[in-house]
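Engineer: When we follow our numbering, the leftmost residue of the sequence shown carries the number 12, and every step to the right adds one.
Even for Gly, the Cβ is constructed at its ideal location relative to N, Cα and C.
One structure is given below, represented as C-alpha cells, and several questions about it will come after.
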Amino acid sequence: MKPLTLAILLVLSPALNAETATPTALIDTFAKLFGEHKGQRKGHAKGFCAAGEFTALPAAKPFSQISWLSGATVPVTARFSMAGGNPKAPENSRSPRGMALQLKSPNGELQHFAMLNTPIFGAKDPDVFLGLLQSSLPDSVTGKPDLAKVQAFRQANPSTLPQAEYLQKNSPPWSYATSSYFGIHTFFLTDSSGKEHKVRWHFVPVDGVKGLTDAEIKAPPTDFLQQRLATRLQQGPVHWTMQLVLGEAADTETDPSQSWPASRTTLDIGRLSIQRQGDDACTGINFDPNVLSTGVRASSDPVLQMRSPAYAISFGKRLTGQ
C-alpha cells in the first residue's frame, strides 16, 4: 500500500482507530472472529491438559518466603494450547502457543501462570488489541479478512508489530516440549527482607528449542503437538528451567508489547517437570494469571488487569455450555 493511500485511510476510516475495550466486547469479538464453539474456551480453545511438579532451585533462596519458592516440591496442573478461539486451529501455523500452569503449595495457596511462546503480547493495551481483532474480522462479502485493513491498522498502531514480526522470524514449535514460554506481563516479588523486585519470567526447555522446518510450515495442516509430547514423555519427564528476569527502573511495567533488554540479570529459580498428559485435570481451571500467592503482586498492566474479567466471562460461558 502506498504511503499516501495509507495516510488517507488513517484519517478517513474510524475503523482504524482503537475503541474502548470491555471484557464483553473482547469475548464477543473472539466469537465473531473464530466462530461460536459452545462449551469451549473462548481463547486458546485448542489444547490439552498435563501434570507434573515444580521445585525451586538454590537461586530462589532470597524469595523463599513465597510458598512455591520455599524449596518444597509442589504439584502442577498444566495446559498446552494454540492461541485463538478455533478448536481446530492448524498446528503448523505462525501463531502463538501457550503454556498455562497452576501450582498448589502445601499451605493451599495457588499460583497461576499464563504464558506464550512469544516474549511480547500483540498490543500495548486492551483498546488496541480489540481494534486489531476487529480489523481482522471476515469481510461480509468475501468471508475473508481484508488484509489492507489489517495492515493499515497495524501501521497506525505500531505496538501490534513486534509480536507479528517475532512470529515471522521464528518458526512455530516442533513440539510443546521444544519451546520456551514467556510471562509477557510484569509482576513484583517480595524477598525475605521485604524488598520488592520488578520481574518477568521465562521457562526455558531443557530439551532445547526446536522449530518446524519451512516444509512443515507449508504442509497441509495436521495435528501433531499432543502426540509428540506423549511420545517424548515415554522417555521420562519433560523439564523447563524457570528464569526470573530482574527489571530495572527504565523497563516498562505496563506495556506487554515491549521486551526488556536482553542484558537484564536472570536467575534460574526453579525446575518445572511435566510427567504426564492426556487427562482432564485442567478442564475446570480458569487460568487467570492474576491468581497469585502471598509475596507476588501484579503490575498495573492494563492487558493483565483486563484478563481477569474476560477470563471470568469465558469461564462462565464454558461451564454453562455457551
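On the DSSP bridge list, what partners appear for Cys60?
Structural biologist: According to DSSP, Cys60 bridges with Arg90.
Engineer: For the beta strand (DSSP E) containing Val256, list its first residue and its last residue.
Structural biologist: Taken as a continuous stretch (DSSP letters only), the beta strand (DSSP E) holding Val256 covers 249-257.
Engineer: According to DSSP, what are the bridge partners of Phe199?
Structural biologist: Paired residues: Lys209, Arg308.
Engineer: Rounding to the nearest angstrom, what Cα-Cα distance links Gln179 and Val152 in this structure?
Structural biologist: Their Cα atoms are separated by approximately 28 Å.
Engineer: Identify, in the order they occur along the chain, each residue of the same chain with its Cβ nearer than 8 Å to the Cβ of Val210, setting aside the five sequence neighbours on each side.
Structural biologist: Cβ neighbours of Val210 beyond the five flanking positions: Thr197, Phe198, Phe199, Leu200, Leu255, Val256, Leu257, Gly258.
Engineer: Rounded to the nearest angstrom, how far is the Cβ of Ala70 from that of Leu278, given a contact under 8 Å?
Structural biologist: Yes, Ala70 and Leu278 are in contact; Cβ-Cβ is about 4 Å, under 8 Å.
Engineer: Closest to Thr88 by C-alpha separation, out of Cys60, Ser104, Pro98, would be which residue?
Structural biologist: Nearest of Cys60, Ser104, Pro98 to Thr88, Cα basis: Cys60.
Engineer: Beta-carbon separation of Ser304 and Ser78 under 8 Å?
Structural biologist: Against a cut-off of 8 Å, the Cβ pair of Ser78 and Ser304 comes out as a contact.
Engineer: Under three-state DSSP, which class holds Arg329?
Structural biologist: Looking at Arg329 - three-state DSSP - the assignment turns out to be helix.
Engineer: Looking at the unbroken alpha helix (DSSP H) that takes in Leu140, where does it start and where does it end?
Structural biologist: First, the amino acid is wrong: residue 140 is Phe here, not Leu. Counting along the chain, the alpha helix (DSSP H) containing Phe140 begins and ends at 137-146.
Engineer: Which term fits Pro300, buried or exposed, when burial requires 16 or more other beta carbons within 10 angstroms of its beta carbon?
Structural biologist: Buried: at least 16 other Cβ atoms inside 10 Å.
Engineer: Could you pull out every residue in the same chain whose Cβ sits closer than 8 Å to the Cβ of Ser106, ignoring the five residues on either side in sequence?
Structural biologist: Cβ within range, chain order: Met93, Ala94, Gly95, Ala100, Leu178, Pro183.
Engineer: Which residues share a DSSP beta bridge with Leu121?
Structural biologist: Leu121 is bridged to Lys115.
Engineer: Reducing DSSP to helix, strand and coil, say where Phe235 ends up.
Structural biologist: DSSP places Phe235 in coil when its eight states are reduced to three.
Engineer: With the cut-off set at 8 Å, would you say Glu30 and Gly142 are in Cβ contact?
Structural biologist: Yes.
Engineer: Check for me: the alpha helix (DSSP H) holding Ile38 runs from which residue to which?
Structural biologist: Per DSSP, Ile38 belongs to the alpha helix (DSSP H) from 34-45.
Engineer: Near Pro34, which residues of its chain fall below 7 Å by C-beta distance, leaving aside the five closest residues on each side in sequence?
Structural biologist: Closer than 7 Å at the Cβ level, and outside the excluded window around Pro34, lie Met317, Pro320, Ala321, Ile324.
Engineer: In its own chain, which residues sit with a C-beta less than 7 Å from the C-beta of Lys155, not counting the 5 before and 5 after it?
Structural biologist: Only Pro149 meet the Cβ criterion.
Engineer: Give me the Cα-Cα distance between Ala67 and His123, rounded to the nearest whole angstrom.
Structural biologist: Ala67 and His123: Cα-Cα distance of roughly 16 Å.
Engineer: Leaving out the 5 sequence neighbours to the left and right, which residues in its chain are closer than 7 Å to His208 when beta-carbon positions are compared?
Structural biologist: If we look at His208 and ignore the five residues flanking it on each side, its Cβ neighbours are Phe199, Leu200, Asp202, Leu257.
Engineer: Measuring CA to CA, which of Gly327, Leu330, Asp312, Gly306 is closest to Phe74?
Structural biologist: Taking only the C-alpha atoms, the option nearest Phe74 is Gly306.
Engineer: If you draw a straight line from the alpha carbon of Gly205 to that of Asp157, how long is it in whole angstroms?
Structural biologist: About 52 Å.
Engineer: When the Cα atoms are used, what is the spatial distance from Phe298 to Met126?
Structural biologist: Phe298 and Met126: Cα-Cα distance of roughly 10 Å.
Engineer: How about Phe214 and Trp251: are their beta carbons less than 8 Å apart?
Structural biologist: It is a contact, given that the beta carbons lie within the stated cut-off.
Engineer: Going by DSSP, what residues sit across from Asp279 in a beta bridge?
Structural biologist: Answer by DSSP bridge pairing, in chain order: Gln254.
Engineer: Beta carbon of Pro137, beta carbon of Leu37: below 8 Å?
Structural biologist: Contact: yes.
Engineer: How close, in whole Å, do the beta carbons of Gln113 and Ile296 come, if the pair is a contact with beta carbons under 8 Å?
Structural biologist: The pair is a contact, with the Cβ atoms about 6 Å apart (cut-off 8 Å).
Engineer: With a cut-off of 8 Å on the beta carbons, I'd call Ile228 and Asn103 a contact; round off their distance for me.
Structural biologist: Sure, about 5 Å apart at Cβ, within 8 Å.
Engineer: Helix or strand or just coil, what does DSSP make of Ser284?
Structural biologist: Note: Ser284 maps to strand in three-state DSSP.
Engineer: Determine the burial state of Ser274: buried for a count of at least 16 other Cβ atoms within 10 Å of its Cβ, exposed for fewer.
Structural biologist: Burial call: exposed.
Engineer: With Gln174 as the anchor, note down where its alpha helix (DSSP H) starts and where it stops.
Structural biologist: It spans 172-180 - the alpha helix (DSSP H) in which Gln174 sits, taken as one unbroken run.
Engineer: Can you give me the C-alpha to C-alpha distance between Val314 and Ser270, rounded to a whole angstrom?
Structural biologist: Roughly 15 Å between the two C-alpha positions.
Engineer: For Arg239 versus Ala62, is the C-beta spacing smaller than 8 Å?
Structural biologist: No, the pair does not count as a contact, with Cβ atoms beyond the cut-off.
Engineer: Which same chain residues, not among the five before or five after Asn168, have their C-beta less than 6 Å away from its C-beta?
Structural biologist: For Asn168, where only same-chain residues beyond five positions count, the Cβ hits under 6 Å are Val139.
Engineer: Quick check: Ser352 and Arg108, are their CB atoms within less than 8 Å of each other?
Structural biologist: Residue 352 falls outside the range modelled here, since the chain spans only 12 to 333, and no answer is possible.
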